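Reading through the structure tokens given below for one structure.
2 protein chains.
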Amino acid sequence: MRPIKWRCSTASVEKAISALVNADSTRERILDTTVELLRRHGLGKTGVVDVARALDMSHSNVYKHFTSKSALFDAVAERWLAQVMAPLTKITADKKAPAAKRLKQWTRTLAEVKRKKVLGDPALFEVYNSITADAHDVVAAHVARMRDEVAEILRDGVRSGAWKLRSPGATAMLILNATARFHHPAMVGLDEGRTDLAELDALMDVVIAGLSN
Amino acid sequence: MRPIKWRCSTASVEKAISALVNADSTRERILDTTVELLRRHGLGKTGVVDVARALDMSHSNVYKHFTSKSALFDAVAERWLAQVMAPLTKITADKKAPAAKRLKQWTRTLAEVKRKKVLGDPALFEVYNSITADAHDVVAAHVARMRDEVAEILRDGVRSGAWKLRSPGATAMLILNATARFHHPAMVGLDEGRTDLAELDALMDVVIAGLSN
DNA sequence: GTAGTAACAAAAGTCAAGAATTGTCACTTG
DNA sequence: CAAGTGACAATTCTTGACTTTTGTTACTAC
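Going down the list, the protein sequences come from chains A and B. Those letters in the first sequence? Residues 393 to 605, by the numbering used here. Those letters in the second sequence? Residues 393 to 605, by the numbering used here.
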């Protein structure tokens with residue numbers, strides 16, 4: 393393999409890097425202020441003009457970084473979802489604990505995190521909900537990610553001999569469906585934190601018992 | 393026990409009965425017309441004045457039969473729910489089939505009926521949904537009824553020795569929760585009839601297997 | 001005393017104007 | 001060439017006068 397010849401001066405490289413870094417940082421700054429305004433004034437009263445004004449820039453420039461208002465809000469939701477996933481991914485990665493225990497803990501944590509977010513950050517939850525309603529690809533990606541994590545825990549269980557499963561992916565979807573009542577935004581929003589998560593534990597006990605057959 | 397003495401003429405009795413019958417029939421007529429208008433013009437564009445006009449009566453008279461607009465719509469939803477329950481109650485009553493099979497059939501039918509109603513009667517579904525959102529007691533009653541029917545099937549299973557359950561009522565709620573994804577109005581509305589009910593069957597297989605432990 | 005009505009206040013809905021927002025484009029700047 | 005701007009059309013969002021609807025009450029008729 394022949395080494396690539398970089399046809400550029402150090403100066404032009406630095407410039408390009410700084411441009412990229414700047415692009416990224418203003419992108420982040422825009423996202424930050426959007427979240428801030430969203431929290432303060434809610435979804436309805438936050439527009440790209442407001443965001444631009446808060447940052448002392450023309451609204452056209454916001455469109456340089458996000459192709460549309462909904463793209464901007466999608467990015468906010470994506471970030472929000474990343475925060476939701478973080479504690480779950482930790483559980484998925486912790487290969488020491490037995491799969492059944494991790495599976496139960498995973499669904500419980502999902503429900504808890506969603507609940508905390510709904511109660512503690514209602515404005516951002518509203519953003520996420522409006523995106524869910526439009527059936528965006530952000531949601532599809534999120535569901536796929538959740539399914540993959542659950543499937544990985546299931547595969548660990550298969551490897552350790554706890555279960556025999558034909559399709560861990562399909563079973564993962566089955567588990568997400570079975571527990572939707574406790575973590576799906578459309579349902580968490582309805583009974584504002586009234587449902588008892590002990591019911592979720594009981595449900596998972598039955599599902600896990602059923603998986604062992 | 394001493395026989396009750398009826399202190400009234402046949403004439404006054406007939407009058408009272410006819411009054412009751414009439415009350416009932418105009419009540420029914422009002423409900424019928426409401427459903428009709430709801431179907432034709434949707435939830436937003438149907439008011440008690442419209443209903444009264446369609447029946448050639450003053451709107452005040454509608455208020456003689458229903459205390460408020462929402463009471464009228466509650467009654468519509470109640471009727472709608474009764475239609476949903478009918479095929480389920482049949483399954484609950486059919487004591488010949490084994491409990492596990494009936495349980496699976498029951499949840500499947502619930503999902504199917506809800507789906508059919510959503511697709512075939514979107515206007516009335518909208519009414520039902522708006523009532524669900526306001527967390528009315530109509531919904532609580534409906535959920536209680538569903539729980540009781542599932543609990544009865546579960547008790548049949550316990551009697552026949554298929555399962556041992558501490559609390560059929562709690563387990564019934566568990567099953568309703570687990571299958572909410574497939575029959576809860578808030579979810580059925582989202583993926584307009586796209587979800588595969590085979591997934592519900594698979595889920596119920598796992599739950600039923602889990603119940604046997 | 002039940003079915004029904006007419007007249008009324010309060011709340012909610014309608015609609016067209018003017019205002020603001022979304023999104024595009026040609027343009028400047030480092 | 002990427003970050004940024006001002007001017008612009010198209011589209012949505014207010015706003016406030018006006019209309020309709022909701023719900024009550026005092027009434028008639030059987």
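Quick reminder that beta carbons are idealized off the backbone N, C-alpha and C, glycines included. Predicted model, so just to flag it, every value in this text is computed and none were measured.
By the three-class DSSP mapping on this structure, what secondary structure does residue i have?
i, result
"proline 560 (chain A)", "helix"
"leucine 429 (chain B)", "helix"
"phenylalanine 458 (chain B)", "coil"
"alanine 590 (chain B)", "helix"
"serine 417 (chain B)", "helix"
"asparagine 453 (chain B)", "helix"
"leucine 447 (chain A)", "coil"
"lysine 482 (chain B)", "helix"
"tryptophan 555 (chain A)", "coil"
"leucine 582 (chain A)", "coil"
"asparagine 569 (chain A)", "helix"
"histidine 607 (chain B)", "Coverage of chain B is limited to positions 393 through 605, which leaves residue 607 (chain B) absent and any answer about it impossible."
"leucine 361 (chain A)", "Past the boundaries of the shown model lies residue 361 (chain A); chain A is included only from 393 to 605, so the question cannot be answered."
"serine 401 (chain B)", "Residue confidence for serine 401 (chain B) is low, a pLDDT of 37 falling below 50, so the modelled location carries little weight; the figure read from the coordinates is stated next. Three-state DSSP puts serine 401 (chain B) in coil, outside helix and strand."
"leucine 595 (chain A)", "helix"
"glycine 602 (chain B)", "helix"
Let me see if you follow: with CB-CB separation under 8 Å, is residue i close to chain B or not?
i, result
"leucine 589 (chain A)", "no"
"methionine 449 (chain A)", "no"
"asparagine 569 (chain A)", "yes"
"leucine 603 (chain A)", "yes"
"leucine 473 (chain A)", "no"
So, is the C-beta of residue i closer than 8 Å to a C-beta in chain A?
i, result
"arginine 599 (chain B)", "Correcting the residue type first, residue 599 (chain B) is valine in the shown sequence and not arginine. Yes, because at least one Cβ of chain A sits closer than 8 Å to the Cβ of valine 599 (chain B)."
"leucine 511 (chain B)", "no"
"arginine 573 (chain B)", "yes"
"alanine 578 (chain B)", "yes"
"alanine 492 (chain B)", "no"
"leucine 430 (chain B)", "no"
"methionine 477 (chain B)", "no"
"alanine 594 (chain B)", "yes"
"leucine 435 (chain B)", "no"
"leucine 502 (chain B)", "no"
"leucine 495 (chain B)", "no"
"leucine 582 (chain B)", "yes"
"leucine 606 (chain B)", "Only positions 393 to 605 of chain B appear in the structure, and residue 606 (chain B) is not among them; the question remains open."
"alanine 415 (chain B)", "Low confidence applies here, because alanine 415 (chain B) scores a pLDDT of 45, under 50, leaving its location unreliable; read the following figure in that light. Chain A contact via Cβ: absent."
Subject >> Contact list for the stretch 534-545 of chain A against chain B, Cβ threshold 7 Å >> reply: Listed by position, the residues of the stretch 534-545 of chain A near chain B (Cβ gap below 7 Å) amount to none.
Original post:
At a Cβ cut of 8 Å, what residues of the stretch 546-560 of chain A count as close to chain B, listed as they run along the chain?
Top reply: none
Subject >> Ordered list of alpha helix (DSSP H) runs contained in the stretch 485-536 of chain B, each at least 4 residues >> reply: 491-512 and 514-525
Original post:
When Cβ atoms are compared, which residues of the stretch 515-529 of chain A fall closer than 7 Å to chain B?
Top reply: Considering only beta carbons, no part of the stretch 515-529 of chain A lies closer than 7 Å to chain B.
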